[in-house]
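Heads up: the structure comes next, in structure tokens.
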Amino acid sequence: MNAGSFVLNILILGVPFSVALLLAALGETINQRAGIFNLGCEGIMAMGAFVAFLPPFFMAGTPQAPFANLIGLVLAIVVGALLGILFALVVVTFRAPQGIAGIGLQMLGWGVAGTLFRHYVGGVTGVAGIAAFPIPGLSRIPVLGQILFNHNPLVYLAFLLVPVFWYVLFKTPWGLKVRAVGTYPRAADSLGIPVARVRYQALALGGAMAGLAGAYLSLAQAKMFADDLIAGRGFIAVALVYFGRWNPVGVMVGALLFSLAQALQLSIQVAGIDFPYEFAVMLPYVLVIVVLALVRKARMVGPTELGKPFDREQRV
Amino acid sequence: MNKSGKLAYNAAIVIAAAAAAMGIGAIVLAAVGADIGKAYAVILTEPLKDMIGITEIVVRAVPLSLIALGIAIAFRSGILNIGAEGQMLMGILACSATAIAGAALPKPILVPLAILAGAAGGAVWGGIAGVLRAKLGVNEILSTVMLNYIAAQFYTFLLRGPMMDPEELVTGSGTPQTVRMPRSAWLDRLIPGTRLHTGVFIAIGLAIVVFFLLWRTTAGFRMRAAGAEAKAARYAGVKVERYLVIAMLLSGAFAGMAGAVEILGVHRRAIEGISGGYGFTGIVVALFGGLHPAGIIPASLFFGLLLLGADMTQRLADVPANMVLVLQGAIILAIVSARQFINNPYVQDKLSRALAKLFGRAAPPAPPGSIEACPDPSDSPDPCLAGEPGVSEEETR
């Protein structure tokens, strides 16, 4: 294998790998901009991956099978949004500490997905999943077409959502409200912005995105469900939001960087380079720590009230 | 509110939280078509039916309590250690390497040495997250989660490679595990025919040590001050960053010791899947025990019961053992939600008044400054708010 095709291979693998991270991290960006640190992302992704997997699993072979993937995606989004609202109930209404509540939600999501999976499915089973959809014309462009336009529809959707999220966050009234309740909730409150309601909305949207990210993993990337399918991607997505400085474009860059590291790791194994497998798997996790250590100054641009519950009756 | 009223109030909140957690569990049980009453009965009573069951609860409670003690130290110091899982694995590696290398040493030296090695292994792994937080401001939740994944891979790498039992290569079975520990490193079994081991005394002893450390020493006071209000502590001259690192070192050391005690007392060799989620359950135990040693010991027994019971439901009620994760997650969410009510004097006061009315007793006079003590906010000037301009905008809205 020559160097050119080695690099090309990494790029072709890396782009679809980034999608689950990107979807979840976009949702988490909205959460954190609203001042909520949702570590339950991992658990919501597990639930999303599981419920999305069910329709194609049970409907295989029936006449309705072509719609199974779509039903799965919708289910994942709905379940994700509901879990986001559950998290909002705990951290917004009950003002629970967010870090530890997030770990609770993560365990709950893992547990429910795992329990139902063992009971209804049993072992690891594949599904047909979402097929690739090369964009006519564009996918014929040499090299670039293969890297960018030869994937399943969710890949295109995820990258289209980056400018959408940027626009919503920075150019719409709702985005302004989200940023206001995350930066200075007391001022927002005095201007009549319902802080709790905006945070609920942000968490519902973030949850829906995490659910969709999970669905991408089970339907499009792995085309199966397993207990450890998410493998920390929810936590990496949270870290990416720091890396991307709470900006959808920065988050996209981060997601691509990580997925390229993962693709590099896979390519090294495929190429038969002698390198312990376990150390290759460690690589993305080590990278997260290194990146977090490097972006510490980013606090200045982020939501200053991140992680703090808002109590309008509290005296300042 | 008087003291017994406060206690009753807190008890009512805890019961409501437990009911909410069991309610979430019941929904999942219903979803898998299980008999909800029977499943809970199996989880909560089946392990208590014989001696083996009871000792097995204690066997699980030993590492759980050690991990929870460490997590309590970290949480009290204001640093959320989610990395007990990885710290435990690093402790196991250091402990087994020491025990195997020191096989020639006499037992009274080797056992403490191996346990200390385990503590050191865990402390290093926890200390990394502590230093990253103190020096570089890296969020400790994210770093400890990542260190968990890294430790898990490192553990597998050593067990499948450098530390693998050479016998496994000879026989060709290739099970990833180390050689059996030398007998001189074993923690003795207390009751023949069971796996109950002397690690129980280590757990109880260390619980007492943690109590004295946190509540009876200057260092402990400084750690708690840094955790309660870092700004105030810094103003009072506490080197907050230093105590964060110390707290993480100690927290990791406890998780490492949990791993050491587990292999020296139960498995007697490092095997795969040994941590079995203890690191995460330990978080629930620490919270459930109120981050206090006196609460953590009973909480660890309760969760030992829950873990064992969940294993049994698989067989007896056809409910997957993952169910225990559902309950743990639900319990965490319920506890952190309930804390808001327990720490809120306003809600507390309102409820006690309602209760007092209900039982026909005269309500105690409202404490000065409370909302009840204030006259109608539309009256002005308001004596309660005098001298505090600016706080009345909520009332006049």
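Residue numbers (my numbering), protein chains in the order written: chain A, 1 to 316; chain B, 1001 to 1397.
Beta carbons are placed, not taken as given, at the ideal position from N, Cα and C, and that holds for glycine.
Are residue i and residue j touching if we call contact CB-CB under 9 Å?
i: G1256 of chain B; j: W1186 of chain B; result: no
i: L11 of chain A; j: V162 of chain A; result: no
i: I1092 of chain B; j: E1262 of chain B; result: yes
i: A1317 of chain B; j: K1038 of chain B; result: yes
i: A132 of chain A; j: A46 of chain A; result: no
i: M1248 of chain B; j: A239 of chain A; result: no
i: W174 of chain A; j: Q201 of chain A; result: yes
i: A128 of chain A; j: V19 of chain A; result: no
i: G40 of chain A; j: G102 of chain A; result: yes
i: L73 of chain A; j: L86 of chain A; result: no
i: G111 of chain A; j: G1329 of chain B; result: yes
i: A208 of chain A; j: G80 of chain A; result: yes
i: L148 of chain A; j: V15 of chain A; result: yes
i: N1081 of chain B; j: L292 of chain A; result: no
i: A76 of chain A; j: G206 of chain A; result: no
i: M1163 of chain B; j: A1258 of chain B; result: no
i: T1171 of chain B; j: G1086 of chain B; result: no
i: G211 of chain A; j: L89 of chain A; result: no
i: L1213 of chain B; j: I1073 of chain B; result: yes
i: A1061 of chain B; j: F1288 of chain B; result: no
i: F310 of chain A; j: R186 of chain A; result: yes
i: L1333 of chain B; j: I1024 of chain B; result: yes
i: V178 of chain A; j: V198 of chain A; result: yes
DSSP three-state label for residue i, please.
i: H1267 of chain B; result: helix
i: M1088 of chain B; result: helix
i: G61 of chain A; result: coil
i: Q1177 of chain B; result: strand
i: G104 of chain A; result: helix
i: W166 of chain A; result: helix
i: W110 of chain A; result: helix
i: R312 of chain A; result: coil
i: W246 of chain A; result: coil
i: T172 of chain A; result: coil
i: D1165 of chain B; result: coil
i: S1275 of chain B; result: coil
i: E1241 of chain B; result: helix
i: I1013 of chain B; result: helix
i: S1337 of chain B; result: helix
i: Y1346 of chain B; result: helix
i: F1303 of chain B; result: helix
i: A20 of chain A; result: helix
i: T304 of chain A; result: coil
i: L26 of chain A; result: helix
i: N1148 of chain B; result: helix
i: T1396 of chain B; result: Because the pLDDT at T1396 of chain B is just 36, under 50, the model does not fix this residue reliably, and the point stays unresolved.
i: H119 of chain A; result: helix
i: Y184 of chain A; result: coil
i: G72 of chain A; result: helix
Could you round the C-beta distance between residue i and residue j to whole angstroms and report it? I think they count as a contact, below 8 Å.
i: A1114 of chain B; j: A1260 of chain B; result: 6 Å
i: E1241 of chain B; j: A1134 of chain B; result: 4 Å
i: H1297 of chain B; j: S1065 of chain B; result: The question names His, but residue 1297 of chain B in the sequence shown is Ile. Contact flag correct, Cβ pair sits at about 6 Å.
i: G1282 of chain B; j: I1071 of chain B; result: 6 Å
i: V1326 of chain B; j: V1028 of chain B; result: 5 Å
i: V1058 of chain B; j: L1196 of chain B; result: 6 Å
i: F17 of chain A; j: F225 of chain A; result: About 18 Å separates the two Cβ atoms, so there is no contact after all.
i: A1119 of chain B; j: A1253 of chain B; result: 4 Å
i: Q265 of chain A; j: L283 of chain A; result: 5 Å
i: A25 of chain A; j: A255 of chain A; result: 6 Å
i: I1342 of chain B; j: I1013 of chain B; result: 5 Å
i: M1022 of chain B; j: A1099 of chain B; result: At roughly 42 Å, the Cβ-Cβ gap does not stay under 8 Å, so M1022 of chain B and A1099 of chain B are not in contact.
Run through the DSSP bridge pairs and tell me what residue i is partnered with.
i: H1197 of chain B; result: B:R1189
i: M224 of chain A; result: A:G126
Please list, in chain order, the chain E residues whose beta carbon lies closer than 7 Å to that of residue i.
i: T115 of chain A; result: Among the protein chains in the structure shown, which are A and B, there is no chain E.
Practice item. Evaluate contact between the segment 1110-1130 of chain B and the segment 1292-1306 of chain B, counting only Cβ atoms and requiring at least three cross-stretch pairs below 8 Å. Key: no
Review point. Hey, is the segment 1065-1084 of chain B in contact with the segment 1206-1224 of chain B, meaning 3+ C-beta pairs nearer than 8 Å?
Key: Enough Cβ pairs lie closer than 8 Å, so yes.
Check your understanding: Would the segment 96-110 of chain A and the segment 1296-1310 of chain B be scored as touching if the rule is three or more Cβ pairs under 8 Å?
Key -> no
Point to revise | Any 3 or more C-beta pairs closer than 8 Å across the segment 268-282 of chain A and the segment 1149-1165 of chain B | key: For the pair of segments examined, the segment 268-282 of chain A was found to touch the segment 1149-1165 of chain B: the number of CB pairs separated by less than 8 Å reaches three.
Review point. Just checking, does the segment 115-130 of chain A make contact with the segment 53-73 of chain A on the three C-beta pairs under 8 Å criterion?
Key: yes
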